[in-house]
Each structure stands twice: as C-alpha cells, then as structure tokens.
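**Q** Take a look at the following structure, please.
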Amino acid sequence: MAIDLISRKAWGARSPRGSHTRLDSTKGVKVHYTGGRVDPRIVDEHDRCTALVRSIQNSHMDGNGWIDIGYSFVACPHKKVFEGRGLNRLPAANGSGLNRGHYAVLGLVGNAGLLEPPDGMLHAILDAIDHTRQNGRAGDEIKGHRDGYATDCPGGPLYAWVRRGAPRPDGGGNGAPEPPGVPPFPGRLLKYPPVTRGDDVRTWQAKMAEREWEIDVDGAYGPQSRDVCRRFQRQQKIDDDGVVGPVTWRRTWEAPQG
Ligand SMILES: [Zn+2]
Ligand SMILES: [Zn+2]
1 MAIDLISRKA WGARSPRGSH TRLDSTKGVK VHYTGGRVDP RIVDEHDRCT ALVRSIQNSH
61 MDGNGWIDIG YSFVACPHKK VFEGRGLNRL PAANGSGLNR GHYAVLGLVG NAGLLEPPDG
121 MLHAILDAID HTRQNGRAGD EIKGHRDGYA TDCPGGPLYA WVRRGAPRPD GGGNGAPEPP
181 GVPPFPGRLL KYPPVTRGDD VRTWQAKMAE REWEIDVDGA YGPQSRDVCR RFQRQQKIDD
241 DGVVGPVTWR RTWEAPQG
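With full-length UniProt numbering applied, the sequence shown covers 1 to 258.
Following this line, the structure appears as structure tokens:
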C-alpha cells in the first residue's frame with residue numbers, strides 16, 4: 001500500500017535550528033499520541049491536521065527547545081503521513097537515551113477530544129512504519145512510548161491496538177471500501193452537544209433501533225442518542241466517548257448482535 005507522504009515543504013515545516021544526528025538503523029518504531037486535547041473536527045477537515053502538526057513543531061522548538069519537531073512521522077485520520085524528522089535522523093520524542101532504538105511515529109489522537117484512532121490513522125501509522133522498514137533500516141518492533149518509559153503515551157486505545165500487534169484495519173480508511181452491508185461513514189462525527197441533525201443520524205439511529213436499542217429514529221443526535229452510543233461503545237469495549245466516529249459507525253453494522 002503506497003504511503004501518502006506530505007513532505008516538510010508541503011506542510012510548511014520550519015527549518016531545523018541545528019543539524020540532525022544521523023541514525024543508521026533502529027529496532028523498530030515507537031507509537032505516540034499528542035498527550036493533549038485533539039480537536040475532533042480534524043476528522044472533518046484535513047487542513048486542521050496540517051495546522052496541528054505546525055503547532056506541534058512550534059511547541060517542540062519554542063517550548064521544549066528542540067532543534068525540530070520531535071517525531072519522525074505524524075499520521076492523520078486521512079491516511080496521510082506528515083514527514084517529521086524523517087528517515088535516518090535521530091528523533092527526540094522517545095525520551096532521553098531511547099531515541100536511537102526506535103523511530104517515533106505520532107498518531108493525532110490525544111487524552112481528550114479525539115481519543116480513538118480512526119481507521120485512516122491506523123493505516124497511516126502502518127504506512128509510516130512500512131516506510132521506515134523499507135527505506136530507513138527499521139527493524140520489526142512496534143512498541144508504545146510507554147514501553148520502557150514512564151508515560152501514558154500513546155493513550156489507551158492506541159496502545160491497545162499496538163498490543164494487539166498493530167493489525168491493519170479492514171476498511172474505513174481513506175478510499176478503502178467498507179465491508180458489504182456497511183453504509184459509508186458520513187465523514188463527520190455524530191455527537192452531542194450541540195444536537196447533530198441529518199439523514200446520517202437517522203441511518204445510524206435506525207440501525208441501533210433494529211439492534212433493539214431504545215432510541216428515537218428522529219434524525220436528531222441528542223442526549224438519548226449519545227447515551228445509547230456510550231452504552232453500545234462500552235458493550236463493544238471501545239472508547240465510550242459517546243461520539244459516533246468511523247469505528248463506532250462500522251461496529252454498528254458489523255458487531256454480532258445479542
Ligand atoms: Zn509519546
Ligand atoms: Zn488529515
């Protein structure tokens with residue numbers, strides 16, 4: 001699967017303040033999250049991903065005093081990979097003494113807001129990993145930042161995926177076909193507050209009603225829809241943020257009933 005790589009020039013990266021340290025090879029990759037709040041609206045609008053990556057570079061250079069963004073690559077929900085420090089350059093995000101061992105790949109989720117990595121982001125993380133293996137002499141390891149370092153990073157949902165062996169999702173990525181029977185994800189998050197209205201809400205509510213949840217099929221995603229969504233997410237053991245994103249949407253049709 002070809003990587004959709006956004007060069008530093010294309011995302012408007014600042015020049016590094018010093019020269020990068022050469023990195024010949026690594027044992028693999030460590031996966032990260034932002035550690036802060038990520039605005040869920042990045043899912044709707046890729047321009048917001050670009051702005052976020054720029055702000056991360058600014059905070060690493062101006063706040064942390066690093067020469068550049070600390071990550072090797074950054075994966076966004078749109079199956080796109082931003083070039084951070086890139087291949088064969090020492091990252092800074094893994095923690096002191098741990099940067100030579102692994103490239104650092106950031107998924108644009110956080111500890112608030114967007115918590116659950118959409119499938120497109122998981123594809124992008126894997127595309128970045130394949131790229132480091134094929135072109136940057138990375139080994140097979142895929143680990144979380146918290147492996148060997150005291151941090152919550154990369155957060156519960158992303159770390160659980162790493163521990164499952166970082167499987168490539170079946171569908172839901174940018175352009176990847178949904179499995180048969182699953183209507184295409186509407187491309188926006190269904191959430192409350194404020195009330196989200198539309199046919200996509202009605203489609204989701206109708207399927208939940210068919211699954212025998214007590215829910216009004218009225219095309220308005222309010223407190224009742226949110227609460228039903230949360231209970232469904234808990235039942236599915238996925239992050240219970242009460243927001244219908246790509247993963248919850250797919251599970252609504254795919255999860256075995258009863
Ligand atoms: Zn991290
Ligand atoms: Zn994006």
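Don't be surprised by glycine CBs; every beta carbon is placed ideally from N, CA and C.
Check whether the Cβ atoms of Ile125 and Lys80 sit closer than 8 Å, and answer yes or no.
**A** Here residue 125 refers to the residue found at position 125 when the sequence shown is read from its first residue. Here residue 80 refers to the residue found at position 80 when the sequence shown is read from its first residue. The answer is no: Cβ separation not under 8 Å.
**Q** Buried or exposed, going by whether 16 or more other CB atoms sit within 10 Å of the CB of Lys237?
**A** Working through the sequence shown from its first residue, we reach residue 237 at position 237. Lys237 is exposed by the Cβ-count criterion.
**Q** Per the contact definition of three or more C-beta pairs closer than 8 Å, is the region 25-32 in contact with the region 97-105?
**A** Contact holds: three or more Cβ-Cβ distances are below 8 Å.
**Q** Going by DSSP in three states, Glu45 sits in which element: helix, strand or coil?
**A** One-based indexing of the sequence shown puts residue 45 at position 45. Coil, per DSSP.
**Q** Give the secondary structure of Gly65 by DSSP, where H, G and I count as helix, E and B as strand, and everything else as coil.
**A** Here the question's residue 65 lines up with position 65 in the sequence shown. Residue state, collapsed to three classes: coil.
**Q** Smallest Cα separation from Pro169: which of Asn64, Arg100, Arg250 and Gln233?
**A** On the sequence shown, position 169 is the one that residue 169 refers to. Ranking the options by Cα distance to Pro169, first place goes to Arg250.
**Q** Entirely within the region 109-176 and at least 4 residues each: give me those alpha helix (DSSP H) ranges in chain order.
**A** Runs of the alpha helix (DSSP H) inside the region 109-176: 119-135 and 156-163.
**Q** Taking the beta carbon of Glu178 as the centre, do at least 16 other beta carbons fall within 10 Å, making it buried, or is it exposed?
**A** As a first step, residue 178 is located in the sequence shown; it is residue number 178 there, counting from the start. Legend: pLDDT at Glu178 = 48, less than 50; position of this residue unreliable, value from coordinates given subsequently. Classification of Glu178: buried, given that the 10 Å Cβ count is 16 or more.
**Q** Closest by CA to Ser225, which one among Leu190, Asp239, Gln235 and Pro246?
**A** The sequence position of residue 225 within the sequence shown is 225, counting from 1. Looking at the Cα atoms, Leu190 is the closest of the given residues.
**Q** Rounded to the nearest angstrom, what separates Gly144 and Arg163 at their Cα positions?
**A** Here residue 144 is taken as the residue at index 144 of the sequence shown, counted from 1. Here residue 163 is taken as the residue at index 163 of the sequence shown, counted from 1. If I take the Cα positions, the gap works out to 8 Å.
**Q** Kindly indicate which three-state DSSP category Ile56 falls into: helix, strand or coil?
**A** Position 56 of the sequence shown, counted from the first residue, corresponds to residue 56. Correct three-state label for Ile56: helix.
**Q** Cutting at 8 Å between CB atoms, please list the residues of its own chain near Arg89, excluding the five before and the five after it.
**A** Counted from its first residue, the sequence shown places residue 89 at position 89. Answer for Arg89: His20, Thr21, Arg22, Leu23 and Ser72, listed in chain order.
**Q** Closer than 7 Å is what we want: which residues have a beta carbon that near any heavy atom of ligand 1? List them in chain order.
**A** After applying the 7 Å Cβ criterion, the set is His32, Tyr33, Gly35, Ala93, His145, Thr151, Cys153 and Pro154.
**Q** Bridge partners for His102 per DSSP, in chain order?
**A** Within the sequence shown, numbered from 1, the residue matching residue 102 stands at position 102. Gly28, per the DSSP bridge assignment.
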